[in-house]
Ligand code: AMP
Ligand code: GLY
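In this note's numbering, the protein residues as written are 3 to 425.
Below you can see the structure in the form of structure tokens.
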């Protein structure tokens, strides 16, 4: 029996807890967790910014492994702090987390190590951006250097759109400090694929692939969100392409980080654009994705705990086992998300879930008399499993249509539209 502490409170963390719970040999704690994780373990009201309090809890409760869900604590050096205190924690160091925390650090790293990436220019004022745009030619991508919860990216197809974006970045300072420096990038046109690698500093194994649906509305319209749905495996993930991703992106990244004195231990999430069959890096993240975790972990046919322990010991297995079949996740969101939305709305219809379906909580809270209330923008993830994508999707939709709260909405085209060029 291992005592495991999971940090975070979203659907991703509920899915991590579910996966570990299924191994039937762990005692789970979640900080701060959500009503879903409370069904599987003990929620602990700790602030993820308070590293000392987290370490104290881990020590006092004899936690054997801490698993970090979101990027914030990684970028803030939580892993380094736990290790300096002699505590076991799974996730990359602060130096490694720069691959996500600074888009320009990541781009410069890719340039140093010849990892396929779009042309880009670092810019810290409007004039520099205008010059970069005329050099690169529209369409271009303007990207906040720092962490912006997946929202610091504006794709501009004309000079007018560039000027409008400059107002958002520089006059309105919409992304604060994170958006004072920009990466202005060539816009890659192709199909996106997310690849998750579990890394031990030197070697890795691929945990799985997924496709994330980032826009709020059907047909990939509306504002970017944290993710409105996902499918696994990605329909593009042929053996041949995964070998190319491994050889040209994942392994060079591990080799490069090691050569620079920062061995990468943790999950490396490569957000890729597949252009004419070839993979390019859109971005690196240093953690599992949300809502990709909700579809990747149910297809994992091996102990997640053992894999994380092996990574910490520098001994990830070269291959891991994946179940056949597919998973589809549809996110139920609050009216107004990703902008402003109400909280505290009563959720109904959770009792009737059937078939091969999983329910993961994200922005929920417990009300009086066992009522479940909305408490965030992305409220629930409904995951359908099946022998193929179509059946997985049908199960997810048959079930999510029964769940309701005032103003709730979800995308109807998860798994249908896969973003192939010309679709
Ligand atoms: P990111 O936060 O870097 O994942 O960017 C959010 C979304 O913007 C990505 O999922 C892509 O759809 C898009 N994007 C970012 N960078 C590029 C790029 N260089 N070319 C094309 N699309 C991009
Ligand atoms: N779904 C995108 C992310 O987790 O960054």
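Beta carbons: idealized from backbone N, C-alpha and C, even for Gly.
All figures in this text were calculated on a predicted structure; none of them were measured in a lab.
TODO: Decide if residue 425 is buried, meaning its Cβ has at least 16 other Cβ atoms within 10 Å, or exposed.
DONE: Numbered from its first residue, the chain shown carries residue 425 at position 423. A caution first: residue 425 carries a pLDDT of 47, below 50, which makes its placement in the model too unreliable to give a value.
- [ ] Leaving out five residues on either side along the sequence, give the residues of the same chain with a beta carbon under 8 Å from the beta carbon of residue 254.
- [x] By one-based count along the chain shown, residue 254 stands at place 252. Here the set comprises 115, 116, 117.
Task: Neighbourhood of residue 310 by C-beta distance below 8 Å, restricted to the same chain and skipping five residues each side - done: Position 308 of the chain shown, counted from the first residue, corresponds to residue 310. The answer, listed in chain order, is 67, 69, 92, 200.
- [ ] For residue 264, name the three-state secondary structure that DSSP assigns.
- [x] Working through the chain shown from its first residue, we reach residue 264 at position 262. Three-state DSSP puts residue 264 in coil, outside helix and strand.
- [ ] Could you check if residue 186 is buried or exposed, using at least 16 other CB atoms within 10 Å of its CB as the buried criterion?
- [x] Taking the chain shown and counting its residues from 1, the one referred to as residue 186 is at position 184. Its Cβ being crowded by 16 or more others within 10 Å, residue 186 is buried.
Task: Residue ranges of each beta strand (DSSP E) within the stretch 311 to 380, 3 or longer - done: 328 to 335, 359 to 363, 366 to 368, 374 to 376, all fully within the stretch 311 to 380.
Task: residue 417 versus residue 328: straight-line alpha-carbon distance, rounded - done: Within the chain shown, numbered from 1, the residue matching residue 417 stands at position 415. Within the chain shown, numbered from 1, the residue matching residue 328 stands at position 326. The straight-line gap from Cα to Cα measures roughly 10 Å.
Task: Inter-residue Cα distance where the pair is residue 169 and residue 151 - done: Sequence index remark: in the chain shown, residue 169 carries index 167 (1-based). Sequence index remark: in the chain shown, residue 151 carries index 149 (1-based). Straight-line Cα distance between these residues: approximately 20 Å.
TODO: Say whether the stretch 307 to 325 touches the stretch 333 to 343, bearing in mind that this needs 3 or more beta-carbon pairs closer than 8 Å, one atom from each stretch.
DONE: no
Open item on the list: Let me check you understand the geometry: is the CB of residue 292 closer than 7 Å to at least one non-hydrogen atom of the ligand GLY?
Closed with: Reading the chain shown from its first residue, position 290 is the one you call residue 292. Residue 292: yes, Cβ under 7 Å from the ligand GLY.
TODO: On the DSSP bridge assignment, give the partners of residue 198 in chain order.
DONE: Position 196 of the chain shown, counting from 1, holds the residue named residue 198. DSSP lists 210, 271 as partners of residue 198.
TODO: Locate the alpha helix (DSSP H) running through residue 245, then write down its first and last residues.
DONE: In the chain shown, counting from the first residue as 1, residue 245 sits at position 243. Taken as a continuous stretch (DSSP letters only), the alpha helix (DSSP H) holding residue 245 covers 241 to 247.
Open item on the list: Taking its Cβ as the centre, do 16 or more other Cβ atoms sit within 10 Å of residue 18, making it buried, or is it exposed?
Closed with: Residue 18 sits at position 16 when you count from the first residue of the chain shown. When all chains shown are included, residue 18 counts as buried.
Open item on the list: Just to confirm before moving on: does the CB-CB distance between residue 194 and residue 259 stay below 8 Å?
Closed with: The residue given as residue 194 occupies position 192 in the chain shown. The residue given as residue 259 occupies position 257 in the chain shown. No. Outside cutoff.
Task: the stretch 47 to 60 / the stretch 376 to 383 touching (three or more Cβ pairs under 8 Å) - done: no
- [ ] Examine the ligand GLY and report whether any of its heavy atoms sits within less than 7 Å of the Cβ of residue 45.
- [x] Position 43 of the chain shown, counted from the first residue, corresponds to residue 45. Checking every heavy atom of the ligand GLY against the Cβ of residue 45, none is found closer than 7 Å.
Task: Cα-Cα separation between residue 406 and residue 266, rounded to whole angstroms - done: Counting from one through the chain shown, the residue named residue 406 turns up at place 404. Counting from one through the chain shown, the residue named residue 266 turns up at place 264. Roughly 42 Å separates the two Cα atoms.
Open item on the list: For a test of the three-state rule: what should DSSP assign to residue 307, helix, strand or coil?
Closed with: Here residue 307 refers to the residue found at position 305 of the chain shown. Of the three classes helix, strand and coil, the one that applies to residue 307 here is helix, per DSSP.
Open item on the list: Can you determine whether any heavy atom of the ligand AMP sits closer than 7 Å to the C-beta of residue 275, and answer yes or no?
Closed with: Position 273 of the chain shown holds residue 275. Yes, since a heavy atom of the ligand AMP falls inside the 7 Å radius drawn around the Cβ of residue 275.
Open item on the list: According to DSSP, simplified to helix, strand and coil, what is residue 126?
Closed with: To locate residue 126, count along the chain shown from 1; it is residue 124. Note: residue 126 maps to coil in three-state DSSP.
Open item on the list: Measuring only from the beta carbon, is residue 138 closer than 7 Å to any heavy atom that is part of the ligand NAP?
Closed with: Absence of the ligand NAP is noted for the structure shown, with the ligand AMP and the ligand GLY being the only ligands found.
Open item on the list: Can you find the residues in the same chain that come closer than 8 Å, C-beta to C-beta, to residue 250, ignoring five residues on each side of it along the sequence?
Closed with: Within the chain shown, numbered from 1, the residue matching residue 250 stands at position 248. Taken in chain order, the residues that qualify are 117, 118, 281.
Open item on the list: Given the structure, does residue 222 come close to the ligand GLY, in the sense that its CB is under 7 Å from one of the ligand's heavy atoms?
Closed with: Here residue 222 corresponds to residue number 220 of the chain shown, with the count starting at 1. For the ligand GLY, not one heavy atom lies less than 7 Å from the Cβ of residue 222.
Task: Closest by C-alpha distance to residue 415, when choosing among 409, 15, 396, 352 - done: The residue you call residue 415 lines up with position 413 of the chain shown. Among 409, 15, 396, 352, the Cα nearest to that of residue 415 belongs to 396.
Task: Length-filtered (4 minimum) alpha helix (DSSP H) runs lying within the stretch 96 to 120 - done: Uninterrupted alpha helix (DSSP H) stretches at least 4 residues long and entirely within the stretch 96 to 120 occur at 96 to 103, 105 to 114, given in chain order.
TODO: For the alpha helix (DSSP H) containing residue 86, list its first residue and its last residue.
DONE: Along the chain shown, read from residue 1 onward, the residue named residue 86 stands at position 84. Its alpha helix (DSSP H) spans residues 80 to 86.
Open item on the list: In this structure, how does DSSP classify residue 254 when only helix, strand and coil are distinguished?
Closed with: Along the chain shown, one-based indexing puts residue 254 at 252. Helix.
TODO: Output the boundary residues of the beta strand (DSSP E) element that contains residue 177.
DONE: Here residue 177 refers to the residue found at position 175 when the chain shown is read from its first residue. It is not in any beta strand (DSSP E) - residue 177 carries neither H nor E in the DSSP assignment.
Task: Cβ-Cβ distance between residue 149 and residue 73 below 8 Å - done: Numbered from its first residue, the chain shown carries residue 149 at position 147. Numbered from its first residue, the chain shown carries residue 73 at position 71. Between residue 149 and residue 73, the C-beta spacing is below 8 Å.
TODO: Drop a sphere of 10 angstroms on the beta-carbon of residue 58, count the other beta-carbons inside from all chains shown, and report buried for 16 or more, exposed for fewer.
DONE: Along the chain shown, one-based indexing puts residue 58 at 56. Under this definition residue 58 is an exposed residue.
- [ ] Please say whether residue 273 and residue 284 have beta carbons closer to each other than 8 Å?
- [x] Locating residue 284 in the chain shown gives position 282, counting from the first residue. Locating residue 273 in the chain shown gives position 271, counting from the first residue. In this structure, residue 273 lies closer than 8 Å to residue 284 by Cβ.
Open item on the list: Applying the 10 Å Cβ sphere with the 16-neighbour rule, what's the burial state of residue 263?
Closed with: In the chain shown, residue 263 corresponds to position 261, counting from 1. Answer is exposed; the Cβ neighbour count stays below 16.
TODO: Pick out whichever of 105, 339, 234 has its Cα sitting closest to the Cα of residue 219.
DONE: Locating residue 219 in the chain shown gives position 217, where the first residue counts as 1. With distances taken between Cα atoms, residue 219 lies closest to 339.
- [ ] Tell me residue 458's beta-bridge partners as DSSP assigns them.
- [x] A query on residue 458 cannot be resolved here, the shown segment of the chain reaching from 3 to 425 and no further.
Task: Own chain, CB closer than 8 Å to residue 391, minus 5 neighbours either side, in chain order - done: The residue given as residue 391 occupies position 389 in the chain shown. 233, 237, 328, 330, 417, listed in sequence order.
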